[in-house]
Amino acid sequence: MSISDCRTPSLYLRNAIPMPPPGSAGGLHYGTRRFGQFMEIALNRARILVTGANSGIGAAIARQLAACGARVAVNYLVHPEATDALLAELHAAGAEAIGLTADVSDATQVGAMFAELDRQWGGIDALVNNAGIDGASALAWEAEPAVWERVLRVNLYGSFLCAREALKRMVGQRSGVVLNMTSVHERIAWSGFSAYTASKAGLAMLTQTLAQEAAPFGVRVLALAPGAIRTPINQNVWSNPETLRDLLTKIPLGRMGEPEEVARVAAFLVSGLASYMTGSTVFCDGAMSDYPEFAHGG
Ligand code: BGC
Numbered sequence: 003m004s005i006s007d008c009r010t011p012s013l014y015l016r017n018a019i020p021m022p023p024p025g026s027a028g029g030l031h032y033g034t035r036r037f038g039q040f041m042e043i044a045l046n047r048a049r050i051l052v053t054g055a056n057s058g059i060g061a062a063i064a065r066q067l068a069a070c071g072a073r074v075a076v077n078y079l080v081h082p083e084a085t086d087a088l089l090a091e092l093h094a095a096g097a098e099a100i101g102l103t104a105d106v107s108d109a110t111q112v113g114a115m116f117a118e119l120d121r122q123w124g125g126i127d128a129l130v131n132n133a134g135i136d137g138a139s140a141l142a143w144e145a146e147p148a149v150w151e152r153v154l155r156v157n158l159y160g161s162f163l164c165a166r167e168a169l170k171r172m173v174g175q176r177s178g179v180v181l182n183m184t185s186v187h188e189r190i191a192w193s194g195f196s197a198y199t200a201s202k203a204g205l206a207m208l209t210q211t212l213a214q215e216a217a218p219f220g221v222r223v224l225a226l227a228p229g230a231i232r233t234p235i236n237q238n239v240w241s242n243p244e245t246l247r248d249l250l251t252k253i254p255l256g257r258m259g260e261p262e263e264v265a266r267v268a269a270f271l272v273s274g275l276a277s278y279m280t281g282s283t284v285f286c287d288g289a290m291s292d293y294p295e296f297a298h299g300g
């Protein structure tokens, strides 16, 4: 069963009252059933692999996809006990979920992970390239080359390796979605984190290029860029009142995001509801990428 077999917009459109002409106020009532269509994200047992899925945004995405009815493969490298706990939670809720360990930056391990997916579920319908690290904060001229390289290997090369395996299968079956988790730092420079920003900017362009390559086969490739989301990766910032205050000045919405807020967008993007979206980045950042310093003056 592929994602395009799910309850797609076209299924709803057949029954829907035609949309009002573009620009009319009717669009404001979208979702009320008066002019538009009721929208529900139903992933009807779609086979979805989420990398780095045993913590933070990855875990929230795994939960949300499972709640929408997908089969979820939870990839992880460290903290097997967190994976066991997440799988137990998903199973208790009646979801179909498996754990798959692999270092995404290792081509052999990635190949084995996809072979295991083939064996268990006969393939893949969507990949969420979420595994990522931000490395140690260091100015470029003080950075440790091995640490810098590791960030690129996990965030960029690892995403490529997983996308490569996924696309081989998706192009063959002529359906599928690859969703790459980037960051506001695909666009915003960040002193001390040159490897991270370079990896995320690279991943954004990888997204566009893969989208171009895969589009003729009906396969979509997108990026989702979270802002400051409350997860373990930035706990040192949000657990300290002083650094949290500084962080909040950078977010027009005035608060950090929660992993579930990103996960809902991810579920929409992999679903058939986003059928005309490919090759772009969707920001989920409380307008952090909107240069809040320009709220005054300029
Ligand atoms: C980083 C977080 C950071 C956020 C906003 C994310 O990509 O992983 O550590 O808080 O960007 O700067």
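Numbering (our numbering), first residue to last: 3 to 300.
Don't be surprised by glycine CBs; every beta carbon is placed ideally from N, CA and C.
On a Cα-Cα basis, can you pick out the residue from I135, D136, L89 and Q210 that is closest to A165?
Looking at the Cα atoms, Q210 is the closest of the given residues.
Run the proximity test for D136: is its beta-carbon closer than 6 Å to any non-hydrogen atom belonging to ligand 1?
Answer for D136: yes, Cβ within range of ligand 1.
For A206, is the beta carbon positioned less than 6 Å from some heavy atom of ligand 1?
No, ligand 1 has no heavy atom inside 6 Å of this Cβ.
Starting from Y198, trace the alpha helix (DSSP H) both ways and give me its first and last residue.
Run containing Y198: S196 to A216, per the alpha helix (DSSP H) assignment.
Is Y32 helix, strand or coil when you go by DSSP?
Caution is warranted here: a pLDDT of 37 is assigned to Y32, below 50, making its placement in the model unreliable, and the coordinate value is therefore given only provisionally. It is coil, neither helix nor strand.
Hey, out of L208, W192 and R247, whose CA is closest to V141's CA?
Note that residue 141 is Leu in the sequence shown here, rather than Val. Per the Cα distances, W192.
With a CB to CB cut of under 6 Å and the five nearest residues on each side skipped, what residues in its chain are close to A62?
If we look at A62 and ignore the five residues flanking it on each side, its Cβ neighbours are P261, E262 and A265.
Measuring only the C-alpha atoms, how far is G160 from G113?
Roughly 12 Å separates the two Cα atoms.
T283 to G124, Cα distance in whole Å?
About 29 Å.
In terms of alpha-carbon separation, which member of N56, S57, G38 and A72 lies closest to V272?
It is A72 whose Cα lies nearest to the Cα of V272.
Taking DSSP as the reference, what is the three-state secondary structure of V106?
Residue state, collapsed to three classes: coil.
Tell me whether G259 sits in a helix, a strand or coil according to DSSP, three-state version.
The answer is strand: DSSP assigns G259 an E or B state.
Between S185 and ligand 1, is the CB less than 6 Å from at least one heavy atom?
Checking the Cβ of S185 against ligand 1 gives yes.
Is K170 buried or exposed, if buried means 16 or more other CB atoms sit within 10 Å of its CB?
K170 is exposed by the Cβ-count criterion.
Looking at the unbroken alpha helix (DSSP H) that takes in I190, where does it start and where does it end?
Counting along the chain, I190 falls outside any alpha helix (DSSP H), and DSSP gives it neither H nor E.
Indicate whether T53 and N132 have their beta-carbon atoms separated by less than 7 Å.
It is a contact, given that the beta carbons lie within the stated cut-off.
Does DSSP put P24 in a helix, in a strand, or in coil?
Bear in mind that the predicted position of P24 carries a pLDDT of just 42, short of 50, making it too unreliable to give a figure here.
Which residues in the same chain as S196 place their Cβ atom closer than 6 Å to its Cβ, once the five residues preceding and following it in sequence are excluded?
Hits under 6 Å: A142.
Residues in the same chain with beta-carbon distance under 8 Å from V153, minus the five sequence neighbours each way, listed in chain order, please.
Here the set comprises I135, D136, G137, A197, Y198 and S201.
In the DSSP assignment, find the beta strand (DSSP E) that holds G178 and state where it starts and stops.
Element bounds for G178: G178 to M183.
Please report the distance separating the alpha-carbon of E188 from that of V173.
Going by the C-alpha atoms only, they are around 27 Å apart.
With DSSP collapsed to three states, give me the class of F40.
Coil, per DSSP.
For I63, is the beta carbon positioned less than 6 Å from some heavy atom of ligand 1?
Because no heavy atom of ligand 1 lies under 6 Å away, the Cβ of I63 does not count as near it: no.
Check for me: the beta strand (DSSP E) holding N131 runs from which residue to which?
N131 -> beta strand (DSSP E) spans A128 to N131.
Please state if the CB of L205 and the CB of N182 are separated by a distance shorter than 7 Å.
In this structure, L205 lies closer than 7 Å to N182 by Cβ.
S107 to L163, Cα distance in whole Å?
Those two C-alpha atoms are separated by around 7 Å.
Return the residue from the list V180, T184, S185 and P243 that minimises the CA-CA distance to L212.
Checking every option, the nearest Cα to that of L212 belongs to V180.
For the beta strand (DSSP E) that contains A227, what are its first and last residues?
Unbroken beta strand (DSSP E) run through A227: V221 to P228.
So the beta strand (DSSP E) T283 belongs to, where does it begin and stop?
Unbroken beta strand (DSSP E) run through T283: T283 to C286.
Where does Y78 fall in DSSP's three states?
Residue state, collapsed to three classes: strand.
Verify the contact flag: I235, CB atom, against every heavy atom of ligand 1, threshold strictly below 6 Å.
Yes, the Cβ of I235 comes within 6 Å of a heavy atom of ligand 1.
Sorted by chain position, which residues of the same chain lie with C-beta nearer than 8 Å to I190's C-beta, five sequence neighbours on each side aside?
Correct list, in chain order: T199, M290 and S291.
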